[in-house]
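Residue numbers (this note's numbering), protein chains in the order written: chain B, 1 to 281; chain A, 1 to 315. In this text, a Cβ means the ideal position worked out from N, Cα and C, and glycines have one as well. Below is one structure, written out as structure tokens, with a few remarks after it.
Structure (structure tokens):
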């Protein structure tokens, strides 16, 4: 009797979660399904998740892009911006994290507090003065406003890596010091290789944030050939222009593809990153 | 990890301090990237913004200092500011509790050791990683449109007649709620944080409680919830701050409309700055927003001693 009840409970549990999970995933599945439907079918058959026939013409149509630029151009732009940003942000964050976590210096607590406060600082507050400064130095319609600030680290990643470094035994540093390593050697040869999991976590988040960033490109770029995917997609879907829904859905799916691939490959790092950086505050 | 930390604590204190000694030069060299960025991209812009907030700068003529006039106008002569505040508060105060409630509920379901839990966790987390993207905003606009899947579903179960549904994102009564639902949909990251917290609660607590005859609900309200309050608190602060910052979705899905019903604060600020080029006024708005966020954070922190429970307290 006991086990029968157990099985019943188990079935109920999985049924409930699967139903809720399906509801959660429905919008995404709908988007994917719609990207294969013919434009006339998208709304005629709005709830259906299975297209009548799989039809790739939306992808071909959408890839053509607009203003003489294919989505190939937009994807290339995104990968340039995201690639440089990701490497710059993670490298500089690791250097700073080592400084805060392992070196004692005057003013350390003060600067660390500044960094934590700046984490709570809404970026929108800074958008106007930053825009004015960047336009004054002629950075509009270049990637500089999107890329250059990334070379100065990100408080979230610095904090995440500090947590990680403080979990590494200090004997490592000590014995390296006895062996004649200076501080810089210790960072490069001892800490950096051990930091790999935190570096990967930071890289993934950096990729996500930059890939989906819509606000800065919107402010700083107004030439179509410079657009990253996020901004191109918005203009592609502009209600003012005649919208080809199927093509728009197809390009939306493509824009999410790198995000999904990273998620599936590095799920473990993501989950750990959020759980630890969120908890040990 | 456990073993490591015990070996560290076994080390004599004195030795730990001596590893680098007081090494100012190395320290500042390593934090230099952040320090420079902090000065260049945070402090200097903040000071510039403070200055502009006392001017009538409009990108065309050179800025003229006009004292507190922008701030006085904001509070006495700007119905859109009041509207933006109303919208932003409504949005943050509904979407954040909803999101946290879903996050906690699902985390409790997923903390059980059962098959497929890892798979479910991924499913519930996916909306969070894609939620901020333009693609999702575009998708939401179509799902909730007049001819979208929601209306089509409602018609098929007979709640509305086919072709008579409203445009959920375009109707003044529902536009803001379509954005709230979108926010609630992305409960993945607080869920993961709750999951990590739940896993740290010793099973013995629950065993002791059930011996004493506590039912599941009592165990939840008397054990789980109090232990989780620091995490709920952390999530609440972070989510409120980001709730006040919402921009992309409102910009793409509703663009503040209809009739300013979804005019969130950052969108209003953006319009003032980059549609009307009232940079001085927009800077003043930014500072008002900063003060509001700081006040709310302070209030949450102040009241936290009444409802946040720290295990080590009083021992």
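If I measure Cβ to Cβ from residue 177 of chain B and keep anything under 8 Å in the same chain, skipping five residues before and after, which residues do I get? Within the same chain, residue 177 of chain B has close Cβ partners 186.
Who pairs with residue 55 of chain A in a beta bridge, going by DSSP? A/65
Quick check: the stretch 178-185 of chain A against the stretch 195-207 of chain A, are at least 3 beta-carbon pairs closer than 8 Å? no
Between residue 45 of chain A and residue 55 of chain A, how many whole angstroms is the CB-CB distance? I'm expecting something under 8 Å. Going by Cβ atoms, the distance from residue 45 of chain A to residue 55 of chain A rounds to 15 Å, so no, they are not a contact pair.
How about residue 201 of chain B and residue 273 of chain B: are their beta carbons less than 8 Å apart? yes
With C-beta atoms as the reference, is residue 330 of chain A less than 8 Å away from residue 99 of chain A? The structure shown has nothing for residue 330 of chain A, since chain A only spans 1 to 315.
For the stretch 142-153 of chain A and the stretch 75-82 of chain A, state whether three or more C-beta atom pairs, one from each stretch, are separated by less than 8 Å. no
Report yes or no: do the stretch 45-63 of chain B and the stretch 119-132 of chain B share at least 3 C-beta pairs separated by less than 8 Å? Not touching, per the Cβ criterion.
For the putative contact between residue 235 of chain A and residue 190 of chain A, defined by C-beta atoms under 8 Å, what is the C-beta separation to the nearest angstrom? 5 Å
Can you tell me which residues form a DSSP beta bridge with residue 71 of chain B? In the DSSP output, where bridge partners are listed per residue, residue 71 of chain B has none listed.
Cut-off 8 Å between Cβ atoms - residues of its own chain near residue 124 of chain A, not counting five sequence neighbours on either side: 106, 110, 187, 188, 191
Report the rounded CA-to-CA distance for residue 9 of chain A versus residue 160 of chain B, giving the unit in angstroms. Only weak support exists for where residue 9 of chain A lies, its pLDDT of 41 falling under 50; the coordinates are left without a value.
Cβ pair residue 228 of chain B, residue 77 of chain B closer than 8 Å: For residue 228 of chain B and residue 77 of chain B, yes; Cβs fall inside 8 Å.
Please report the distance separating the alpha-carbon of residue 293 of chain A from that of residue 245 of chain B. 39 Å
Taking the alpha-carbon of residue 113 of chain B as reference, which of A/38, A/290, A/279 has the nearest alpha-carbon? The residue with the shortest Cα to Cα distance from residue 113 of chain B is A/38.
Evaluate residue 42 of chain B with the Cβ neighbour count: other Cβ atoms within 10 Å of its Cβ, from every protein chain shown; 16 or more gives buried, anything less gives exposed. buried
Counterpart residues of residue 66 of chain B in DSSP-defined beta bridges: B/69
Would you say residue 240 of chain A reaches chain B, if we count a Cβ-Cβ gap shorter than 8 Å as a contact? no
Rounded separation between residue 92 of chain A and residue 169 of chain B - CA only: Straight-line measurement puts the Cα of residue 169 of chain B at about 42 Å from the Cα of residue 92 of chain A.
Put residue 212 of chain B into one of helix, strand or coil per three-state DSSP. helix
For residue 55 of chain B and residue 31 of chain B, what's the separation of their Cα atoms in angstroms? 14 Å
Between the C-alpha atoms of residue 18 of chain B and residue 189 of chain B, what's the straight-line distance to the nearest angstrom? 47 Å
Using a Cβ-Cβ cutoff of less than 6 Å, which residues in the same chain neighbour residue 12 of chain B once the five nearest sequence positions on both sides are dropped? none
Going along chain A in order, which residues have a C-beta closer than 7 Å to the C-beta of residue 234 of chain B? 134, 252
Residue closest to residue 116 of chain B, alpha-carbon to alpha-carbon, out of B/97, B/63, B/249, B/150: When only C-alpha atoms are compared, the closest one is B/97.
Just to confirm my understanding: we take residue 137 of chain A, look at its own chain, exclude 5 residues before and 5 after, and list those with CB closer than 7 Å. What are they? 248, 249, 252, 253
Under 8 Å, Cβ to Cβ, is there at least one residue of chain A near residue 90 of chain B? So, not an interface residue.
Environment of residue 276 of chain A [buried if 16+ CB atoms lie within 10 Å]: Residue 276 of chain A should be labelled exposed.
Name the residue from A/232, A/289, A/272, A/270 whose alpha carbon lies nearest to the alpha carbon of residue 103 of chain A. Of the candidates A/232, A/289, A/272, A/270, the one whose C-alpha sits nearest the C-alpha of residue 103 of chain A is A/232.
Go ahead and pull the three-state DSSP assignment for residue 138 of chain B. coil
Closer than 8 Å, CB to CB, is residue 297 of chain A near chain B or not? At least one C-beta of chain B is nearer than 8 Å to the C-beta of residue 297 of chain A.
DSSP on residue 281 of chain B, reduced to helix/strand/coil? Any answer about residue 281 of chain B is weak, because its pLDDT of 28 lies below 50 and its placement is not dependable; what the coordinates show is given next. Collapsing the DSSP output to three states places residue 281 of chain B in coil.
Assuming residue 244 of chain A contacts residue 270 of chain A under a Cβ cut-off of 8 Å, what Cβ separation, rounded to an integer in Å, is found between them? Contact doesn't hold; Cβ gap of about 14 Å is too wide.
Which two residues bound the contiguous alpha helix (DSSP H) that contains residue 168 of chain B? No alpha helix (DSSP H) holds residue 168 of chain B; DSSP gives it neither H nor E.
Report yes if the CB atom of residue 293 of chain B is closer than 8 Å to the CB atom of residue 102 of chain B, and no otherwise. Because chain B spans 1 through 281 in this model, residue 293 of chain B falls outside it and cannot be assessed.
Does chain B have any CB closer than 8 Å to the CB of residue 38 of chain A? yes
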